[in-house]
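Single-structure report; data block below.
In this note's numbering, the protein residues as written are 1178 to 1358.
So this is what it looks like as structure tokens:
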């Protein structure tokens, strides 16, 4: 009986040694990072703040992956606060920042603007921004809502100062509040 267990042990040890040698001799090309499609760098749960021009910016990103010259973003939340009466928040499930061009594209954007006690909401399928610009372009259209007002534009530009303009068609609907006399 002892010889049977010893024989089985030796066979198992030989098989393990063969598998270890086989795995160690695998072609490294099969294990290359490029074929595995792994990012150059990946960061999770980022949050940073920056003050610029009297505006306090807070950015939260669930995941940022650098691949070549692109940084892919997942679950982006941006807030800009100026004083105690004005703030803008923007949310996007995904986006891409291209380092060389200095451009950012965010997808399925939603957000809100709070100014002087009034609240406006906006949404767009895509938002584009270029480093150094003081405006965001909604090339695929955008919708802005505020109590009694609805603005829809096919190609909209919104500046950080709060002004917006439309090209290629727009519509505005508003309702006048009823008098309480």
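For each residue, glycine too, the CB sits at the ideal point set by N, CA and C.
- For residue 1342, the uninterrupted beta strand (DSSP E) run begins and ends at 1341-1351, by DSSP.
- For residue 1239 and residue 1344, the gap between their C-alpha atoms comes out near 34 Å.
- Looking at the DSSP output, residue 1335 sits in a beta bridge with 1313 and 1341.
- Comparing alpha-carbon positions, the option among 1230, 1315, 1329 and 1274 lying closest to residue 1308 turns out to be 1274.
- Contact between residue 1286 and residue 1300 is confirmed by a C-beta separation of about 7 Å, below the 8 Å threshold.
- The stretch 1214-1282 contains, as complete beta strand (DSSP E) runs of 3+ residues, the segments 1218-1229, 1232-1244, 1247-1259 and 1263-1275 (chain order).
- A check of alpha carbon separations from residue 1245 across 1252, 1218 and 1233 identifies 1218 as the nearest.
- Taking C-beta separations shorter than 7 Å and ignoring five residues to either side along the sequence, the partners of residue 1222 in its chain run 1239, following chain order.
- In this structure, the straight-line span from the alpha carbon of residue 1237 to that of residue 1288 is close to 14 Å.
- Taking C-alpha positions only, residue 1350 is separated from residue 1322 by approximately 10 Å.
- The Cβ atoms of residue 1271 and residue 1251 sit closer than 9 Å to each other.
- CA-to-CA, the gap between residue 1328 and residue 1319 works out to about 8 Å.
- DSSP places residue 1323 in the uninterrupted beta strand (DSSP E) bounded by 1319-1323.
- C-alpha of residue 1306 to C-alpha of residue 1280: approximately 6 Å in a straight line.
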